[in-house]
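Asker: Next up is a structure, given as structure tokens.
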Amino acid sequence: MFAYLVRRLFLMLVTLFGISVVIFFLLRIVPGNIVDILFAAAGYVDPADKAELEKQLGIDQPLVAQYLHWIGGLLRGDLGYSYVSEKPALQEILPRIPITARLAGLALLFSASIGIPLGVISAVKQGTKLDYALRVVSLSGLSLPSFWLGLLILTASVAMFGQMPIFNPNPKTWLEAFATYAVPAAAVGFRSAALTMRITRSSMLEVLRQDYIRTARAKGASEAAVNYHHALKNAILPVITVIGIEAAFLIGGLIVTETVFNIPGVARFLVEAIRWRDYPIVQNLVMFIAVVVVFANFTVDMLYAVFDPRIRYSE
Amino acid sequence: MADKSDLVLEVKNLKTVFFTNSGLFKAVDDLSFSVKRGETLAIVGESGCGKSVTALSLMRLVPDPPGRIVGGSVSLEGTDLLALDETQMRRVRGNRISMIFQEPMTSLNPVMRIGDQIVEAVRLHRNISAKQAQNIAVEMLRLVRIPEPARRAREYPHQLSGGMRQRAMIAMALACRPALLIADEPTTALDVTIQAQILALMLDLQKELGTGLVLITHDLGVVAQTAQRVIVMYAGRKVEEASVEALFASPKHPYTRGLMASIPAVPASGVPAQARLNEIPGTVPSLVRLPKGCAFAPRCKLAIKRCEAEYPPLADWGGGHLAACWRAEEVAEVA
Numbered sequence: 001m002f003a004y005l006v007r008r009l010f011l012m013l014v015t016l017f018g019i020s021v022v023i024f025f026l027l028r029i030v031p032g033n034i035v036d037i038l039f040a041a042a043g044y045v046d047p048a049d050k051a052e053l054e055k056q057l058g059i060d061q062p063l064v065a066q067y068l069h070w071i072g073g074l075l076r077g078d079l080g081y082s083y084v085s086e087k088p089a090l091q092e093i094l095p096r097i098p099i100t101a102r103l104a105g106l107a108l109l110f111s112a113s114i115g116i117p118l119g120v121i122s123a124v125k126q127g128t129k130l131d132y133a134l135r136v137v138s139l140s141g142l143s144l145p146s147f148w149l150g151l152l153i154l155t156a157s158v159a160m161f162g163q164m165p166i167f168n169p170n171p172k173t174w175l176e177a178f179a180t181y182a183v184p185a186a187a188v189g190f191r192s193a194a195l196t197m198r199i200t201r202s203s204m205l206e207v208l209r210q211d212y213i214r215t216a217r218a219k220g221a222s223e224a225a226v227n228y229h230h231a232l233k234n235a236i237l238p239v240i241t242v243i244g245i246e247a248a249f250l251i252g253g254l255i256v257t258e259t260v261f262n263i264p265g266v267a268r269f270l271v272e273a274i275r276w277r278d279y280p281i282v283q284n285l286v287m288f289i290a291v292v293v294v295f296a297n298f299t300v301d302m303l304y305a306v307f308d309p310r311i312r313y314s315e
Numbered sequence: 001m002a003d004k005s006d007l008v009l010e011v012k013n014l015k016t017v018f019f020t021n022s023g024l025f026k027a028v029d030d031l032s033f034s035v036k037r038g039e040t041l042a043i044v045g046e047s048g049c050g051k052s053v054t055a056l057s058l059m060r061l062v063p064d065p066p067g068r069i070v071g072g073s074v075s076l077e078g079t080d081l082l083a084l085d086e087t088q089m090r091r092v093r094g095n096r097i098s099m100i101f102q103e104p105m106t107s108l109n110p111v112m113r114i115g116d117q118i119v120e121a122v123r124l125h126r127n128i129s130a131k132q133a134q135n136i137a138v139e140m141l142r143l144v145r146i147p148e149p150a151r152r153a154r155e156y157p158h159q160l161s162g163g164m165r166q167r168a169m170i171a172m173a174l175a176c177r178p179a180l181l182i183a184d185e186p187t188t189a190l191d192v193t194i195q196a197q198i199l200a201l202m203l204d205l206q207k208e209l210g211t212g213l214v215l216i217t218h219d220l221g222v223v224a225q226t227a228q229r230v231i232v233m234y235a236g237r238k239v240e241e242a243s244v245e246a247l248f249a250s251p252k253h254p255y256t257r258g259l260m261a262s263i264p265a266v267p268a269s270g271v272p273a274q275a276r277l278n279e280i281p282g283t284v285p286s287l288v289r290l291p292k293g294c295a296f297a298p299r300c301k302l303a304i305k306r307c308e309a310e311y312p313p314l315a316d317w318g319g320g321h322l323a324a325c326w327r328a329e330e331v332a333e334v335a
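Right under this line is the structure:
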């Protein structure tokens, strides 16, 4: 087990290194840098001024030197300065993380707490009207992009209540905090809930046909015990996999959702930073997201062993 | 017939049908039999004759839809199981009537510890603490002769061999000391050496606990070793019933005779081995389109006009030996 963990951590480091290279060079391939953008807005370009500014920011150096400078700083905990605000990148990124984390966490909670029970119900009631209704709802959840759903929610709330939910940066009570995050989290979590439901349903249908389900009934177990205790425990692995993948996809959904709901989280910040070619922000933020995704995958693999005793990680 | 109070199970005119796209078929048709306390009744027949559906009907676990029990009565210790509602039936299952299945490899929940699965069976029906139930589980594993029962109880099914798993299934089925145990081909999926052990174990425990046993099998060798009485089923119906001795000495139904002739004989030394195995020609008829008369007639060497026109009633040949054949007399003579 220990050897497995060591090997696994090593592989994660290799993955992160690969990602850092890809992000760094992809970002440089995009035409224009912050200096181009600033000078284009000014309308007048003195090549000497431009070169001076590029030198200040260090983007006149060879790419490899720039990369080493970034990684060296990252390893020392120095993320550099934002080109736009000129504040330390860490100061810009850190306060935004909890906002997005809450949003993403709530969205995942929605998708699991709604998707899994509905998937079980849909499988148990296979072929009934309830099953069909749930499947139609889940199909619509998969087909609706989250930004469109977000816009619909905003439009509907204006039409019905004459106002729309506005992000409240300093919620006083727990309930206020929930109200602040619940609507955008639901908008972005609807899709995940729909996907989770479909996977739970098909996985449950597979498990409900197994011999040990009949054994459980033959023991005298109630339907609820058969479905949730015996079947769901066996059906949960593919669901965990999907939720793990969704956790990564969620970031993409959050970019547009944070924009639609005007929430100052990392996802929207990332889009703005890309627009300004704010390299220190983009590079470090994407690295941060990569770390989260890699750890989410790792967690999923560890959860396999928790839920299925047949899976044991050893040499 | 035995004294009524001695009967654990009495099945009368049981009828289970399946509604399928190709029509309605009668998986079990008008089946009656009974089991006494401590008695072993074997039900034999080839695949698709309704043996397993009979077992599931007794447990009321026939998948509905497509299946349904449409008639008859199943009386367990005087209670008609078919009249109970689902909640009452759940109290009977695993408690007064238990079942062991054919596939020990897949019949245990792979993500639950062996001990916990037995504990669940016990606590569903006995109002006792988890600790006491755990003790019973270990005791049951010891009873089915699993070495180091306390350690095995903490293991998962994949850590046990097929034979061990079937022992664990037996332990689970007997944990509440049921009045009736149904074993649906309990040894079919096991190695021959393990088969004998499992059968011996079941018979020992049955004697010890006084459980009635319904043993479903297609293996006449198993029947000869274990049962006191035998029912032969064909196409959903009982075609013959007799004590083991009477059945093997003089089978009255041509199908039973065919089954016996199909057992490969071990050639004696010096005698050339039989070149070809005996078989019953043809296949089991589709249960959707059963012939009007005897279902076995199309495959029967002795079939006459009457066999195709009228279904033969079960006739008593003395000593509780029943057979449904118009020409049972001739079968006996040939045998």
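So the sequence lines, in the order shown, correspond to chains S and B. With UniProt numbering applied, the first sequence closes on residue 315, and no number is skipped along the way. With UniProt numbering applied, the second sequence closes on residue 335, and no number is skipped along the way. Even glycine gets a Cβ: it sits at the ideal position worked out from N, Cα and C.
Nearest-angstrom Cα distance between Leu9(S) and Ile198(B)?
Answerer: Taking the straight line from one Cα to the other gives about 48 Å.
Asker: What is the DSSP secondary structure of Asp149(B), counted as helix, strand or coil?
Answerer: Note on residue identity: the sequence assigns Pro, not Asp, to residue 149(B). In this structure, Pro149(B) counts as helix in the three-state DSSP scheme.
Asker: Starting from Lys238(B) and walking both ways along the beta strand (DSSP E), at which residues does that stretch end?
Answerer: Segment Arg237 to Ser243, the beta strand (DSSP E) holding Lys238(B).
Asker: Can you round the beta-carbon distance between His253(B) and Cys325(B) to whole angstroms, since I take them to be within the 8 Å contact cut?
Answerer: His253(B) to Cys325(B), Cβ: 5 Å. Contact.
Asker: Using the beta-carbon of each residue, which ones in chain S are nearer than 8 Å to Ala110(B)?
Answerer: Ala is not the amino acid found at residue 110(B); the sequence shown has Pro there. Simply Tyr212, Asn234, Asp308, Pro309 and Arg310.
Asker: What are the start and end residues of each continuous alpha helix (DSSP H) run of 4 or more residues lying completely inside the segment 169 to 222 of chain B, in chain order?
Answerer: Within the segment 169 to 222 of chain B, the complete alpha helix (DSSP H) runs of at least 4 residues are 192 to 209.
Asker: What are the partner residues of Val35(B), as DSSP defines its beta bridges?
Answerer: Paired residue(s): Leu9(B).
Asker: Under 8 Å: do the segment 195 to 214 of chain S and the segment 119 to 128 of chain S share three or more Cβ pairs, one atom per stretch?
Answerer: Contact between the segment 195 to 214 of chain S and the segment 119 to 128 of chain S is present, because at least three Cβ pairs lie under 8 Å.
Asker: Closest to Leu41(B) by C-alpha separation, out of Glu245(B), Phe296(B) and Lys305(B), would be which residue?
Answerer: Checked all of Glu245(B), Phe296(B) and Lys305(B); the closest Cα to Leu41(B) is Glu245(B).
Asker: Please state the DSSP three-state secondary structure of Lys15(B).
Answerer: Lys15(B): strand per DSSP, three-state reduction.
Asker: Using Cβ-Cβ distances below 8 Å, what residues of the segment 76 to 106 of chain B are close to chain S?
Answerer: Taking 8 Å as the Cβ-Cβ cut-off against chain S, the residues of the segment 76 to 106 of chain B that qualify are Arg90, Arg91, Val92, Arg93, Gly94, Asn95, Ser98, Met99, Phe101, Glu103 and Thr106.
Asker: Examine chain B for any beta-carbon lying closer than 8 Å to the beta-carbon of Lys129(S), and answer yes or no.
Answerer: Closer than 8 Å: no.
Asker: In chain order, what residues of the segment 146 to 158 of chain B put their CB closer than 8 Å to some CB of chain S?
Answerer: Listed by position, the residues of the segment 146 to 158 of chain B near chain S (Cβ gap below 8 Å) are Tyr156 and His158.
Asker: Considering only C-alpha positions, which residue in the set Leu68(S), Phe288(S), Val64(S) and Ile37(S) is nearest to Glu54(S)?
Answerer: It is Ile37(S).
Asker: If you reduce the DSSP assignment to three classes, tell me which class Met233(B) lands in.
Answerer: Strand.
Asker: If the cut is a Cβ gap below 7 Å, which residues of chain B does His230(S) touch?
Answerer: What His230(S) touches in chain B: Asn109.
Asker: Identify whether Lys26(B) lies in helix, strand or coil by the three-state DSSP scheme.
Answerer: Here Lys26(B) sits in strand by DSSP.
Asker: Compute the Euclidean distance between the alpha carbons of Pro31(S) and Arg277(S), then round it to the nearest angstrom.
Answerer: Cα to Cα, Pro31(S) sits roughly 9 Å from Arg277(S).
Asker: With 8 Å as the threshold, decide whether the Cβ of Leu58(B) is near any Cβ in chain S.
Answerer: It does not: the Cβ of Leu58(B) has no partner Cβ on chain S nearer than 8 Å.
Asker: Which residues share a DSSP beta bridge with Ile69(B)?
Answerer: Ile69(B) is bridged to Thr16(B).
Asker: Are the C-beta atoms of Ala216(S) and some chain B residue less than 8 Å apart?
Answerer: With 8 Å as the cut-off, Ala216(S) counts as an interface residue toward chain B.
Asker: Give me the residue from Leu285(S), Val293(S) and Pro145(S) with the minimum Cα distance to Ser82(S).
Answerer: For Ser82(S), the nearest C-alpha among the options comes from Leu285(S).
Asker: Taking Cβ positions, are Ile240(S) and Phe307(S) nearer each other than 8 Å?
Answerer: Yes, the Cβ-Cβ distance between Ile240(S) and Phe307(S) is below 8 Å.
Asker: Taking Cβ to Cβ, would you say Met204(S) is nearer than 8 Å to Gly119(S)?
Answerer: Against a cut-off of 8 Å, the Cβ pair of Gly119(S) and Met204(S) comes out as a contact.
Asker: Does DSSP put Pro88(S) in a helix, a strand or coil?
Answerer: Here Pro88(S) sits in strand by DSSP.
Asker: If you count every other CB in all the chains shown that lies within 10 Å of the CB of residue 336(B), and 16 or more means buried, which is it?
Answerer: In the structure as shown, chain B starts at 1 and stops at 335, and residue 336(B) therefore has no counterpart that could be examined.
Asker: Does chain B have any CB closer than 8 Å to the CB of Ser122(S)?
Answerer: No, Ser122(S) does not count as interfacial toward chain B.
Asker: So Arg237(B) packs on Asp30(B), CB below 8 Å; how close in whole Å?
Answerer: Confirmed, about 7 Å.
Asker: Give me the Cα-Cα distance between Asn297(S) and Asp80(B), rounded to the nearest whole angstrom.
Answerer: One C-alpha to the other measures close to 55 Å.
Asker: Kindly list the residues whose CB is nearer than 8 Å to the CB of Leu16(S), restricted to its own chain and excluding five residues on each side of it in sequence; keep chain order.
Answerer: Within the same chain, Leu16(S) has close Cβ partners Met287, Ala290, Val291 and Val294.
Asker: By how many angstroms is the C-alpha of Gly58(S) removed from the C-alpha of Val22(S)?
Answerer: Straight-line Cα distance between these residues: approximately 20 Å.
Asker: By the criterion of Cβ-Cβ separation under 8 Å, what are the contact partners of Ser222(S) in chain B?
Answerer: Neighbours of Ser222(S) on chain B, chain order: Arg90.
Asker: Which residues of chain S have a Cβ atom closer than 8 Å to the Cβ of Glu46(B), listed in chain order?
Answerer: Ordered by position in chain S, no residue passes the 8 Å Cβ test against Glu46(B), which lies about 21 Å from the chain.
Asker: Quick check on this structure: which residue in Leu24(B), Leu247(B) and Thr226(B) has the alpha carbon closest to the alpha carbon of Ile69(B)?
Answerer: Residue Leu24(B) is the option with its Cα nearest to Ile69(B).
Asker: Got a sec: is the Cβ-Cβ distance from Met1(S) to anything in chain B below 8 Å?
Answerer: No, its Cβ sits nowhere closer than 8 Å to a Cβ of chain B.
Asker: In or out: Leu152(S) buried (at least 16 other Cβ within 10 Å) or exposed?
Answerer: Result: exposed.
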